[in-house]
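Residue numbers (this note's numbering): 7 to 102.
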């Protein structure tokens, strides 16, 4: 009975060692995707540009703001408009 117990432990140790080497060999094997994918550095910039060009956009923003005219500080006052004879001027100016 003692011999059977030692044989069982020996088999268990052998199995553990086998699985350890099997798993470690699978972990440290080079992957096929890394080996197949060799990039030439002379064309690396071209490849990056091809991938990045669709992401380049141009955004133009135009905003209309109501700002007082710096040359006529009282342009909204009806008294000054009548006194100086100023026509109705637009209050909104295009600002970019």
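We put the CB at the ideal spot given by N, CA and C, even for glycine.
Straight-line Cα distance separating residue j from residue i
i: residue 53; j: residue 61; result: 14 Å
i: residue 56; j: residue 18; result: 56 Å
i: residue 21; j: residue 31; result: 15 Å
i: residue 89; j: residue 59; result: 60 Å
i: residue 25; j: residue 14; result: 16 Å
i: residue 69; j: residue 83; result: 25 Å
Limits of the alpha helix (DSSP H) - the one that residue i falls within
i: residue 53; result: 50–58
i: residue 85; result: 84–90
Reduced DSSP secondary structure (H/G/I, E/B, other) of residue i
i: residue 19; result: helix
i: residue 24; result: helix
i: residue 35; result: coil
Cβ of residue i within 7 Å of any chain D Cβ
i: residue 90; result: As a matter of chain content, chain D is missing from the structure shown, which is built from one protein chain.
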